[in-house]
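First up is the structure itself, then whatever we jot down about it.
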Ligand code: AMP
Ligand code: ZN
């Protein structure tokens, strides 16, 4: 996926504010934060969107949640946080490399609009 923005960020071709990286995932600050903590957690493997998760590639999704749980402890998000994945344009997905928004640091209204 040569022209995928997030694949380029993983490769370092586009700069990002990296928070964490391992062999499977990359975590960086959202360029347009909607909360005091607004991170994007992405697999290094290109998966376009949530409905492309299968038995073959879901291991990385489980790993992403492990990383989120660890980051929440390290960042001391004990007042709560939210994880959001938009799937498809009408749900608000604008970058078609699956990503998990990690939001915290302010009251988060529910239900979301
Ligand atoms: P979504 O709308 O759910 O697809 O989320 C895409 C997110 O990527 C948005 O919150 C954008 O602010 C964020 N974003 C877009 N380009 C960049 C970038 N170059 N660096 C960091 N975050 C970005
Ligand atoms: Zn990609």
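Numbering (my numbering), first residue to last: 1084 to 1196.
Even for Gly, the Cβ is constructed at its ideal location relative to N, Cα and C.
Less than 7 Å between the beta carbons of residue i and residue j, yes or no?
i	j	result
residue 1150	residue 1144	no
residue 1184	residue 1087	no
residue 1186	residue 1165	yes
residue 1102	residue 1110	yes
residue 1119	residue 1163	no
residue 1122	residue 1168	no
residue 1100	residue 1091	no
Report the partner residues of residue i according to the DSSP bridge assignment.
i	result
residue 1106	Its beta-bridge partners do not exist; DSSP assigns none.
residue 1122	1112 and 1185
residue 1101	1111
When burial is assigned at 16 or more other CB atoms within 10 Å of the CB, is residue i buried or exposed?
i	result
residue 1126	buried
residue 1195	exposed
residue 1147	buried
residue 1097	exposed
residue 1130	buried
residue 1093	buried
Could you give the uninterrupted runs of the beta strand (DSSP E) lying entirely in the stretch 1125-1194, keeping only those of 3 residues or more? 1164-1167 and 1183-1187
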